[in-house]
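Chemist: In our numbering, the protein residues as written are 827 to 1207.
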Amino acid sequence: MSVPPFDIDVLRSRIPLLEHLVPLNNCSQAPLTTATRAAAERYMESWGTRGMDWEGWMAEVEACRRAFAAMINASPDEVGVVSSVSHATSAIATALRFDNGRNVIVASGAEFPTVGHVWLAQEKRGARVRWVQVADGAVPLEAYDGAIDERTAIVSAAHAYYQNGSLQDVAAIARRARHQGALTFVDAYQSLGVVPVDVKAMGVDMLASGTLKYLMGTPGIAFLYVKGSIIERLEPTITGWFGRVNPFAFDATHLDWSPHASRFDAGTPPIFAAYVSRAAMEWLLEIGSSAIHAWTQHLSRRLVQGAEARGLTVHGPGLAAPKTPSTAIVCPDSHAAEHGLRERGIIGSARGPAIRLAPHFYNTEADIDRGLDALAEILRT
Ligand SMILES: Cc1ncc(COP(=O)(O)O)c(C=O)c1O
């Protein structure tokens, strides 16, 4: 495929940054669009002219919850609105008991550190984290076989590895967890927006993501999917007034739980971020996840093959295993490489031993070639 299944010129005209830069850093922060700028201005307008509009603001948060639910094929009642993936993970962690014969948390070295940290913090409460190792830049599925057993409370899996975009087969991991009576928690922050995600088809119990990266939103908001049938079993001790049946009941002496995943909400919702993230997700839904997936997979192949053709070393399994468009090129000083790219008008994202080039639907083949040519030049000098 050398032509995207959408009118890329029209879509590109809605991203002003493209006039002077080539953003290949969507694994870190995707660019502002005319839609997200207009949404931010709509909030400013409402704040500036109405002073406050709680009703309108809450309606916006609910619309954002619905947009996220649509992104993952869930019901809005199965989606909590939180402030970060760390918050989402903590909400789940604190709702689990570790004194009932199931105290093992299985997680892998491909977790974004924050998720690992939340699980480790539960060791004070009697949990034990059992790590599945990354091997050659990816987590082998078989490694879960020995790790998940009848003592496992939950299996935590990053859908895509933040380091190099390699994807885990979370449906297969969830099957293994279910077989042992354990729950599955998925961090989809590095995949959602470029890889179609269907929580029902995947069979996962919980899934979290923020919106900075391929969802093209802002910091300050994240979402937590919890499968409808297990919501009422879980009572997080990280909570607040928005987790109640009626947040506006104003009774400090009574703790009840929303029957929906809003029981995982906590304090005043991230209203401003909800305006922006709703607009971002609605745009992505309009373009369509399979069209975005098809084009970004094409760019991903061009990145890996183009890197190899230029003598660059790709971190991890490359095209030998499923991956997001994020492609990591090994380099001696990834921060210097990021600066070098910036000087040449390209935004990459340094991470540990590699620089990540992570295109989205609006990137072209020419963007990929320009990014790789620049990187090859930087690494030659
Ligand atoms: C896969 C993944 N999970 C989680 C995070 C961070 O989540 P938060 O800062 O919202 O807690 C990141 C951020 O880079 C990430 O890449």
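For each residue, glycine too, the CB sits at the ideal point set by N, CA and C.
Taking 8 Å as the cut-off, does the stretch 985 to 999 touch the stretch 1021 to 1033 (at least 3 CB pairs, one atom from each stretch)?
Modeler: yes
Chemist: With DSSP run on the structure shown, which of helix, strand or coil describes I1118?
Modeler: helix
Chemist: Whose C-beta lies closer than 8 Å to the C-beta of L1111 among residues of the same chain, with five residues either side of it excluded?
Modeler: A893, A896, M897
Chemist: Compute every distance between the C-beta of A933 and the non-hydrogen atoms of ligand 1, then say whether any falls below 7 Å.
Modeler: no
Chemist: Compute the minimum distance between the beta carbon of S1126 and the heavy atoms of ligand 1, and state whether it is under 7 Å.
Modeler: no
Chemist: Can you determine whether any heavy atom of ligand 1 sits closer than 7 Å to the C-beta of D1091, and answer yes or no?
Modeler: no
Chemist: What separation, rounded to the nearest whole angstrom, lies between the Cα atoms of G1197 and S1035?
Modeler: When rounded, the separation of the alpha-carbon atoms in G1197 and S1035 is 27 Å.
Chemist: Quick one: give me the first and last residue of the beta strand (DSSP E) that A1176 is part of.
Modeler: 1175 to 1177
Chemist: Take the Cβ of N990 as the centre, count every other Cβ of all protein chains shown within 10 Å, and call the residue buried at 16 or more, exposed below.
Modeler: buried
Chemist: Are the beta-carbon atoms belonging to I1173 and P1185 less than 8 Å from one another?
Modeler: no
Chemist: What's the gap between the Cα of H1141 and the Cα of D1013?
Modeler: 21 Å
Chemist: In the stretch 1122 to 1160, which residue ranges form an unbroken beta strand (DSSP E) of at least 3 residues, counting only runs that do not cross its ends?
Modeler: Counting only runs of 3 or more, we get 1153 to 1156.
Chemist: Would you be able to state if there are at least three C-beta pairs under 8 Å between the stretch 1059 to 1072 and the stretch 988 to 1007?
Modeler: Taking 8 Å as the limit for Cβ pairs, the verdict is that the stretch 1059 to 1072 does not touch the stretch 988 to 1007.
Chemist: Would you call K950 buried or exposed, if buried means 16 or more other Cβ atoms sit within 10 Å of its Cβ?
Modeler: exposed
Chemist: Does the beta-carbon of H1080 have 16 or more other beta-carbons within 10 angstroms, so that it is buried, or is it exposed?
Modeler: exposed
Chemist: Return the chain-ordered list of same chain residues with a C-beta closer than 6 Å to the C-beta of R956, the five sequence neighbours on each side being excluded.
Modeler: V930, V932, A973
Chemist: Tell me where the alpha helix (DSSP H) around D995 begins and ends.
Modeler: Premise fails: D995 is in no alpha helix (DSSP H) and is neither H nor E.
Chemist: Would you grab the beta carbon distance between T1037 and G1043 for me? Rounded to a whole angstrom, and I think it's under 8 Å.
Modeler: 3 Å
Chemist: Cα-Cα, which of R1170, R1177, G1178 is closest to I1204?
Modeler: R1170
Chemist: Given this structure, state the Cα-to-Cα distance separating P831 from W1121, to the nearest angstrom.
Modeler: 7 Å
Chemist: Any beta carbon of chain D sitting closer than 8 Å to that of T862?
Modeler: In the structure shown, chain D does not exist; there is a single protein chain.
Chemist: Only counting runs of 3 or more residues, tell me where the beta strand (DSSP E) segments fall wholly within the stretch 942 to 1013, in order along the chain.
Modeler: 954 to 958, 978 to 984, 1009 to 1013
Chemist: Going along the chain, which residues of its own chain have a beta-carbon closer than 6 Å to the beta-carbon of D903, five neighbours each way excluded?
Modeler: H1086
Chemist: Mind reading off the beta-carbon distance from A866 to V1102? Whole number of angstroms is fine, and I expect it under 8 Å.
Modeler: 5 Å
Chemist: Does M870 pass the burial test, meaning 16 or more other C-beta atoms within 10 Å, or should it be called exposed?
Modeler: exposed
Chemist: For I834 versus Y1188, is the C-beta spacing smaller than 8 Å?
Modeler: Taking 8 Å as the Cβ cut-off, I834 and Y1188 qualify as a contacting pair.
Chemist: DSSP three-state call for I1113: helix, strand or coil?
Modeler: helix
Chemist: Give the secondary structure of S839 by DSSP, where H, G and I count as helix, E and B as strand, and everything else as coil.
Modeler: coil
Chemist: Are the stretch 906 to 913 and the stretch 952 to 967 in contact at 8 Å, needing three or more beta carbon pairs?
Modeler: The stretch 906 to 913 vs the stretch 952 to 967: no contact.
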